[in-house]
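Engineer: Heads up: the sequence lines are chains D and F, in that order. The opening position of the first sequence corresponds to residue 50 in the working numbering, with each subsequent residue numbered one higher. The opening position of the second sequence corresponds to residue 278 in the working numbering, with each subsequent residue numbered one higher. Even glycine gets a Cβ: it sits at the ideal position worked out from N, Cα and C. What follows is a structure written as structure tokens; I'll ask about it next.
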Amino acid sequence: GAVVSQHPSWVICKSGTSVKIECRSLDFQATTMFWYRQFPKQSLMLMATSNEGSKATYEQGVEKDKFLINHASLTLSTLTVTSAHPEDSSFYICSARTRKTYEQYFGPGTRLTVT
Amino acid sequence: GQNIDQPTEMTATEGAIVQINCTYQTSGFNGLFWYQQHAGEAPTFLSYNVLDGLEEKGRFSSFLSRSKGYSYLLLKELQMKDSASYLCAVRTEGSTLGRLYFGRGTQLTVWP
Chain D
50 GAVVSQHPSW VICKSGTSVK IECRSLDFQA TTMFWYRQFP KQSLMLMATS
100 NEGSKATYEQ GVEKDKFLIN HASLTLSTLT VTSAHPEDSS FYICSARTRK
150 TYEQYFGPGT RLTVT
Chain F
278 GQNIDQPTEM TATEGAIVQI NCTYQTSGFN GLFWYQQHAG EAPTFLSYNV
328 LDGLEEKGRF SSFLSRSKGY SYLLLKELQM KDSASYLCAV RTEGSTLGRL
378 YFGRGTQLTV WP
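As structure tokens, then:
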């Protein structure tokens, strides 16, 4: 089946620093990747959608200058949280899909803690 | 906006049957998904409905009524490992990118 990986699985950083999270589709080409954020006991909130080779589309209320998304290839998308603050601490999950399938394949998630 | 509603919590006994309901009001409809999510892990795909009716897959079944904006996930022969959060998600019409809107999730606890 389709496998999506994320790296790192968890990260602790100091306030004001930047953190990069990678999302890779391991055995398929992902034309579209999605980035979600999930706070404890809440559902997944879509942050942005990215197509390979084009700029990401951000959801309302998500700061594009703070959450930088790059989808440079059909197997890799990155999310960079710039100048992180404690309120950015959350579970970040990516998903990927191909043009042919209706299903989104989720990565295992990255737990970010900003101290 | 998109509104997807499901109960916050449910409990059931091992071996029993449980039905988790989901109602939605969205601008267009192009499919409904159910995902299972264990604590601290990513969601895993359970089922997909785009036409009215019941889809059965082993112990799990999912039903859709588009006219009522309603779906349910039916879990039979419950096992302890089924304790998890179950997420209902709707893909809206006209989105070639396949964006999904998620409900808050239903936390299911299965007791021995």
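If the cut-off is 7 Å on Cβ atoms, which residues from the segment 142-153 of chain D count as contacting chain F, listed in chain order?
Structural biologist: So the close ones are Ile142, Arg146, Tyr151, Glu152, Gln153.
Engineer: Any idea what DSSP makes of Tyr136 (chain D), helix, strand or coil?
Structural biologist: Just to set this straight, residue 136 (chain D) is Glu in the shown sequence, not Tyr. Three-state DSSP puts Glu136 (chain D) in a helix.
Engineer: Considering Ser74 (chain D), what are the terminal residues of the beta strand (DSSP E) in which it resides?
Structural biologist: Taken as a continuous stretch (DSSP letters only), the beta strand (DSSP E) holding Ser74 (chain D) covers 68-74.
Engineer: Using the beta-carbon of each residue, which ones in chain D are nearer than 8 Å to Glu318 (chain F)?
Structural biologist: Pro157, Gly158, listed in chain order.
Engineer: Whole angstroms are fine: how far does the CA of Leu117 (chain D) sit from the CA of Cys72 (chain D)?
Structural biologist: Distance between the alpha carbons of Cys72 (chain D) and Leu117 (chain D) is about 13 Å.
Engineer: Rounded to whole angstroms, what is the Cα-Cα separation between Val367 (chain F) and Phe340 (chain F)?
Structural biologist: Taking the straight line joining both Cα atoms gives about 14 Å.
Engineer: Taking Cβ-Cβ distances shorter than 9 Å, what residues in chain D pair up with Leu364 (chain F)?
Structural biologist: What Leu364 (chain F) touches in chain D: Ser92, Leu93.
Engineer: Determine whether the Cβ of Thr127 (chain D) lies closer than 8 Å to any Cβ atom of chain F.
Structural biologist: Judged by the 8 Å Cβ criterion, Thr127 (chain D) is not in contact with chain F.
Engineer: Determine the direct distance from the alpha carbon of Tyr85 (chain D) to that of Leu300 (chain F), and round the result to whole angstroms.
Structural biologist: According to the sequence displayed, residue 300 (chain F) carries Thr and not Leu. Cα to Cα, the separation comes out at about 22 Å.
Engineer: Under 8 Å between the Cβ atoms of Tyr378 (chain F) and Gln279 (chain F)?
Structural biologist: Against a cut-off of 8 Å, the Cβ pair of Gln279 (chain F) and Tyr378 (chain F) comes out as a contact.
Engineer: With three or more C-beta pairs closer than 8 Å as the rule, is the segment 50-70 of chain D touching the segment 103-111 of chain D?
Structural biologist: No, they do not touch.
Engineer: Going along the chain, which unbroken runs of the beta strand (DSSP E) with 3 or more residues stay wholly within the segment 95-160 of chain D?
Structural biologist: Segments of the beta strand (DSSP E) lying fully in the segment 95-160 of chain D: 116-122, 125-130, 139-146.
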